[in-house]
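If you want my numbering, it's the position in the sequence shown, counting the first as 1, plus 195. Contents: one structure, followed by commentary.
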Amino acid sequence: MDKNNNKISRVVIAGGGTAGWIAAAALSKKLGELLDITLVESEAIGTVGVGEASIPPMRVFHRLLGIEERAFMRATGATFKLGIAFENWGREGDRYIHAFGRIGQGSWLCEFHHFWLRARALGMDFALGDFCSELQAAEAGKFATAEQSEINYAYHLDAGAYAKFLRNFSQRLGVRRVEGKIIRVGRNADSGFIEALQLDNGRRIEGDLFIDCTGFRGLLIEEALGTGYEDWSHWLLSDSAVPVQTRVTGPAPPYTRATARGAGWQWRIPLQYRVGNGLVYCSDYLSDDEAAAQLLANIEGEVLTEPKVIRFKTGRRRRAWNKNCIALGLASGFVEPLESTSIHLIITGITRLMQLFPFDGIADATVNHYNALTRTELESIRDFIVLHYHLNERESSAFWRRCRDMEIPQSLAQRIRLFRDNAYAYQGDGELFRVDSWVQVMLGQGLKPQGYHPLTRLMPEAQLAQLLGGLKASIARGVAPLPAHQDFVEGYCAAELAE
Ligand code: FAD
196 MDKNNNKISR
206 VVIAGGGTAG
216 WIAAAALSKK
226 LGELLDITLV
236 ESEAIGTVGV
246 GEASIPPMRV
256 FHRLLGIEER
266 AFMRATGATF
276 KLGIAFENWG
286 REGDRYIHAF
296 GRIGQGSWLC
306 EFHHFWLRAR
316 ALGMDFALGD
326 FCSELQAAEA
336 GKFATAEQSE
346 INYAYHLDAG
356 AYAKFLRNFS
366 QRLGVRRVEG
376 KIIRVGRNAD
386 SGFIEALQLD
396 NGRRIEGDLF
406 IDCTGFRGLL
416 IEEALGTGYE
426 DWSHWLLSDS
436 AVPVQTRVTG
446 PAPPYTRATA
456 RGAGWQWRIP
466 LQYRVGNGLV
476 YCSDYLSDDE
486 AAAQLLANIE
496 GEVLTEPKVI
506 RFKTGRRRRA
516 WNKNCIALGL
526 ASGFVEPLES
536 TSIHLIITGI
546 TRLMQLFPFD
556 GIADATVNHY
566 NALTRTELES
576 IRDFIVLHYH
586 LNERESSAFW
596 RRCRDMEIPQ
606 SLAQRIRLFR
616 DNAYAYQGDG
626 ELFRVDSWVQ
636 VMLGQGLKPQ
646 GYHPLTRLMP
656 EAQLAQLLGG
666 LKASIARGVA
676 PLPAHQDFVE
686 GYCAAELAE
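Structure, rendered in structure tokens:
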């Protein structure tokens with residue numbers, strides 16, 4: 196079938212976690228006048244209850260929806276995030292920050308890090324982070340919003356509160372919310388398209404297009420449509436997580452902490468009124484009880500919640516869009532939260548759907564295009580995450596040795612070779628992470644390039660020293676007057692809202 200000419204106006208969103216309400220908010224704000232939108236969720240089933248760190252494009256999404264930053268931050272207890280501090284990753288005792296900002300100023304022919312490598316080869320003692328405002332601000336615990344500085348940032352937020360915030364937003368724009376448990380997915384006998392969701396309370400919700408946001412199980416995309424799952428757990432060995440929340444013990448740093456442990460890693464995400472902590476681990480090497488004990492032994496502050504294990508399988512749904520069903524969020528696949536990419540993927544997924552929205556019927560070309568873009572995006576994120584694990588010299592644990600010795604995706608192996616040989620890094624079409632991100636993590640994980648671009652040799656040594664010295668000083672001058680992050684958050688959230 197090339198095109199199904201059924202007009203599409205009734206959209207049914209199954210699931211009301213972060214994915215469901217992001218989808219509802221975006222559709223109602225941007226296409227609400229053309230669509231009739233219903234969201235079905237079950238309080239009894241609840242949400243996954245984690246997902247608290249984001250990346251900068253979330254701000255673009257909020258601007259698109261007209262969401263005021265202060266209102267969002269107050270509602271979700273949010274703090275600002277300038278990057279992630281990786282501790283003990285390459286080797287025990289190592290530490291580096293993957294910051295969100297640009298690093299230095301390169302030329303069109305080669306990026307800044309080539310000049311920095313040349314300077315290092317000449318014995319100049321600069322750190323790459325000297326040339327990144329976000330990294331310097333993160334280390335100093337300082338922050339101001341983009342209105343007052345050029346700083347690029349994201350947020351730490353309360354995921355449950357965010358879903359509620361977007362729920363109010365969407366309902367004000369006319370999204371109908373239906374409470375109930377979906378017990379059956381009704382499909383057309385000929386086309387296999389989904390026609391309706393049957394709820395346990397006897398209601399039947401009909402629609403033309405269904406967005407599956409039911410979490411890991413993928414009630415529509417998998418259980419009803421049998422789409423299939425590409426398993427990546429041979430590259431990303433972790434299959435479990437145990438989160439706990441703790442009371443605040445001091446000023447919130449403007450970054451996430453990701454600390455490598457014996458069979459995985461631990462996160463620390465500071466919000467205004469609590470701290471999110473969790474251990475991501477591989478159950479082949481650590482039992483659930485050991486994981487909970489290890490986490491509790493390595494956190495500060497009073498524990499506010501019971502540790503509860505979440506099991507997951509890393510990978511992607513073979514087709515995020517199948518027939519008249521599009522999966523978003525955990526239903527579409529999952530790559531562990533090391534670089535806080537899941538909420539972002541929900542946003543890009545719904546944005547892409549709005550760009551390709553099939554008002555006049557679903558065409559194969561549209562579906563194929565959507566699926567190809569989704570695949571490229573997720574595969575490159577997967578490679579980026581595998582990179583963190585694979586490049587390690589940790590000897591003390593079988594888990595880390597296995598990560599180092601495993602065969603990695605060809606696409607990643609090629610990237611590592613390019614960087615090792617000539618310090619060449621790139622951002623491919625449709626890929627999320629910029630060159631600066633790849634460079635920070637490759638260097639941070641201990642990958643040492645053997646060369647750099649010869650163009651840099653054309654700059655006389657004295658000129659290079661002067662250029663880098665000036666740049667470093669200018670970054671330091673920009674960061675010095677910024678307020679402490681904690682003070683800024685308190686003042687910012689206490690101020691009057693725009694309306
Ligand atoms: P869920 O939250 O599971 O929601 C599913 C919804 O479907 C619920 O409303 C549920 O009630 C409903 N539902 C299910 N079955 C039925 C049914 N039969 N009938 C009716 N309703 C039903 N992402 C980030 O961006 N940053 C992070 O820092 C981050 N950390 C994470 C840490 C861990 C350990 C994990 C596992 C994930 C993390 N994520 C993170 C991912 C993030 O949590 C999810 O992408 C996000 O919460 C979206 O989840 P969801 O809405 O797809 O699913």
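The beta carbon of each residue, even a glycine, is placed where N, CA and C say it ideally should be.
Spatial distance of residue i from residue j (CA atoms)
i, j, result
"Glu534", "Arg382", "37 Å"
"Ala696", "Glu228", "Outside the shown range of the chain (196 to 694) lies residue 696, about which nothing can therefore be said."
"Phe411", "Ile670", "43 Å"
"Tyr565", "Arg652", "44 Å"
"Ala332", "Lys276", "10 Å"
"Lys643", "Leu431", "23 Å"
"Gln658", "Gly664", "10 Å"
"Glu495", "Arg205", "49 Å"
"Ser433", "Glu691", "44 Å"
"Asn563", "Leu525", "20 Å"
"Arg456", "Gly421", "36 Å"
"Leu490", "Leu474", "6 Å"
"Asp616", "Phe579", "19 Å"
"Trp462", "Ile292", "14 Å"
"Thr571", "Gly623", "9 Å"
"Phe364", "Met268", "14 Å"
"Met319", "Ala660", "8 Å"
"Ala314", "Tyr476", "39 Å"
Paired residues, beta bridge with residue i - DSSP
i, result
"Arg372", "Leu234"
"Gly278", "Ala294"
"Leu392", "Val380 and Ile400"
"Ala453", "Phe281 and Trp462"
"Ser435", "Tyr476 and Arg506"
"Asp426", "Gly510"
"Ile208", "Leu234 and Ile406"
"Ala696", "Here the chain covers residues 196 to 694 and nothing more, so residue 696 does not appear."
"Thr441", "Val470 and Val498"
"Lys337", "Ala679"
"Lys198", "Ala558"
"Ala349", "Lys276"
"Asn517", "Cys520"
Buried versus exposed, by CB contacts within 10 Å (16 or more), residue i
i, result
"Pro438", "buried"
"Thr569", "buried"
"Pro449", "buried"
"Phe554", "exposed"
"Lys198", "exposed"
"Trp303", "exposed"
"Gln440", "buried"
"Asn519", "buried"
"Gln640", "buried"
"Ile378", "exposed"
"Arg239", "Before going on, a small fix: residue 239 reads as Ala here, not Arg. Ala239 comes out exposed."
"Lys337", "buried"
"Asn655", "Note that residue 655 is Pro in the sequence shown here, rather than Asn. With fewer than 16 other Cβ atoms within 10 Å, it is exposed."
"Val636", "buried"
"Gly288", "exposed"
Proximity test, residue i beta-carbon vs the ligand FAD heavy atom, cut-off 7 Å
i, result
"His539", "yes"
"Leu525", "yes"
"Phe507", "yes"
"Lys376", "yes"
"Ile240", "yes"
"Leu470", "With the sequence shown as reference, residue 470 is identified as Val, and Leu is not the correct amino acid for it. No, the Cβ of Val470 stays beyond 7 Å of every heavy atom of the ligand FAD."
"Pro532", "yes"
"Ala354", "yes"
"Cys520", "no"
"Cys688", "no"
"Leu414", "yes"
"Glu402", "Note that residue 402 corresponds to Gly in the displayed sequence, not to Glu. Result no, Cβ not under 7 Å from the ligand FAD."
"Cys408", "yes"
"Pro438", "yes"
"Ala273", "no"
"Thr213", "yes"
"Glu691", "no"
"Gly528", "no"
"Val475", "yes"
"His207", "According to the sequence as given, residue 207 is Val; it is not His. Result no, Cβ not under 7 Å from the ligand FAD."
"Gly556", "no"
8 Å Cβ cutoff, residue i in contact with chain C
i, result
"Pro252", "Protein chains in the displayed structure number just one, and chain C is not present."
In chain order, each alpha helix (DSSP H) run of at least 4 residues that lies wholly inside the region 533 to 578: Within the region 533 to 578, the complete alpha helix (DSSP H) runs of at least 4 residues are 537 to 550.
Complete runs of the beta strand (DSSP E) confined to the region 221 to 275 [at least 3 residues]: Qualifying beta strand (DSSP E) stretches, in chain order: 231 to 236.
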